[in-house]
Amino acid sequence: MTERETTRLVAWSYELRQVHNRLREALDLVRTAVADGTSGEAATRDLLLYCHGFCAALDGHHRGEDATLFPAIEAAHPELAPVLRYLRQDHSMIAHLLGGLQAAIDRAAPVAELDRHLEGVSAIMESHFRYEERQLLQVLETLSLDASPDEVLGPL
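Here my numbering is used: position 136 in the sequence shown is 137, and no number is missing along the way.
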């Protein structure tokens with residue numbers, strides 16, 4: 002394997018960590034916007050600005066993993082099928098939580114309720130990211146995948 006090939010292979014683990022960090026930062030911005038809101042209406046306006054981008058980015062990230070990254074991992078490492086199944090279940094749970102958050106935004110829920118939704122998304126997202134990184138970063142350092150980072154990890 003050439004140095005260039007090794008560098009590209011290791012880059013998938015780097016790319017995943019970078020995407021996770023950007024999503025964490027985006028969620029922090031959303032939570033700050035809600036905390037700074039003086040009313041449900043003010044917080045809702047901020048969420049409409051911040052959350053749509055965050056929700057779309059997180060959903061796009063998980064869709065890319067489900068469609069491209071996880072099948073490539075499973076083809077190269079069939080023993081990881083149970084891990085990938087668990088991660089896909091997390092994706093479904095996070096999508097459900099995002100749907101609840103969107104419904105709360107749509108009806109201009111009180112700040113406390115919006116914060117509860119964001120706390121739930123944050124807790125599951127962080128647990129998911131940590132588990133995913135523990136289970137997959139080493140595999141990603143050796144995964145050969147001919148695709149763009151946006152296709153594999155979602156456009157951010």
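All C-beta atoms in this analysis are idealised placements derived from N, C-alpha and C, irrespective of residue type, glycine included.
DSSP three-state label for residue i, please.
| i | result |
| --- | --- |
| S145 | coil |
| R135 | helix |
| R108 | coil |
| A12 | helix |
| G155 | coil |
Would you mind reading off the limits of the alpha helix (DSSP H) that contains residue i?
| i | result |
| --- | --- |
| E75 | 71–77 |
| E80 | Where E80 is concerned, there is no enclosing alpha helix (DSSP H), given that its DSSP letter is neither H nor E. |
| D67 | First-last for D67: undefined, no H or E at that position. |
Hey, residue i and residue j are a contact pair by Cβ (cut 8 angstroms); roughly how many whole angstroms apart?
| i | j | result |
| --- | --- | --- |
| C56 | Q19 | About 19 angstroms; that fails the 8 angstroms criterion. |
| L154 | E66 | 7 angstroms |
Candidates the options: which alpha carbon is nearest residue i's?
| i | options | result |
| --- | --- | --- |
| D147 | T69, D116, R32, A34 | T69 |
| E26 | E127, S145, I106 | E127 |
| H129 | G54, H53, A36, R86 | R86 |
How do the stretch 89–109 and the stretch 10–27 stand: do at least 3 beta-carbon pairs fall below 8 angstroms, yes or no?
no
Would the stretch 71–83 count as touching the stretch 110–118 if we require 3 or more Cβ pairs under 8 angstroms?
no
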